[in-house]
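Numbering (our numbering), first residue to last: 1 to 147.
Working notes, structure below.
Shown next as structure tokens:
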């Protein structure tokens, strides 16, 4: 099974799949879904398992979707882009669609540039929420059809 390039090459997996995963051998060729958030979805429908495989930036699909990025620890990381949100900054979290929107003030858990997915939370003890940076101090929660 191939995701289009060899490990470490643009469009290929960033690292080998963790050997500790106990996945049953798929009786047919596993299916690969398109890239989303810097990873490919590999799925064995007959057995019901699926995993996300982080990809190195530069593949054809990623070049069309995202600015140039590299994979680091399974997560896309910006290179040479202006940081709009820094860790600890207050940010406005926006959720909604075309008919309505709701916003709430949150605190950024990590640095990021426009288009990056970062974790934000209401307080230090609250669970984190993933949101995409739109502009300085503004992040948006991805909706059902926003990928």
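A virtual CB, placed ideally from N, CA and C, is assigned to each residue, including glycine.
Helix, strand or coil: which one does DSSP assign to residue 19? Along the chain shown, one-based indexing puts residue 19 at 19. Note: residue 19 maps to coil in three-state DSSP.
Own chain residues within Cβ distance below 6 Å of residue 117, not counting five before or after: Translated into the one-based positions of the chain shown, residue 117 becomes position 117. Answer for residue 117: 130, 132, listed in chain order.
Among 83, 38, 55, 136, which has the Cα closest to the Cα of residue 90? Residue numbering aside, residue 90 sits at position 90 when the chain shown is read from its first letter. Cα-wise, what sits closest to residue 90 is 136.
Helix, strand or coil at residue 135 [DSSP, three-state]: Here residue 135 refers to the residue found at position 135 of the chain shown. Three-state result, residue 135: strand.
I need the straight-line Cα distance from residue 28 to residue 108, nearest angstrom please. Counted from its first residue, the chain shown places residue 28 at position 28. Counted from its first residue, the chain shown places residue 108 at position 108. For residue 28 and residue 108, the distance between alpha carbons rounds to 43 Å.
Buried or exposed, going by whether 16 or more other CB atoms sit within 10 Å of the CB of residue 16? If you number the chain shown from 1, residue 16 lands on position 16. So residue 16 ends up on the exposed side.
How big is the Cα-Cα spacing for residue 32 and residue 42? Your numbering for residue 32 matches position 32 in the chain shown. Your numbering for residue 42 matches position 42 in the chain shown. In a straight line, the C-alpha of residue 32 is about 5 Å away from that of residue 42.
Just list the residues that DSSP pairs residue 43 with in beta bridges. Position 43 of the chain shown, counted from the start, is the residue given in the question as residue 43. Looking at the DSSP assignment, residue 43 forms a beta bridge with 31, 50.
If we ignore side chains and look at the alpha-carbon of each, how far apart do residue 25 and residue 13 end up? Indexing the chain shown from 1 puts residue 25 at position 25. Indexing the chain shown from 1 puts residue 13 at position 13. Each residue's Cα considered, the two are about 20 Å apart.
Out of 45, 94, 23, point me to the one whose CA is closest to residue 120's CA. As a working mapping, residue 120 is identified with position 120 in the chain shown. When only C-alpha atoms are compared, the closest one is 94.
Quickly, what does DSSP pair residue 92 with across the bridge? List them, please. In the chain shown, residue 92 corresponds to position 92, counting from 1. Answer is 105, 138, bridged to residue 92.
How is the beta strand (DSSP E) around residue 120 delimited, first residue to last? Translated into the one-based positions of the chain shown, residue 120 becomes position 120. Counting along the chain, the beta strand (DSSP E) containing residue 120 begins and ends at 117 to 121.
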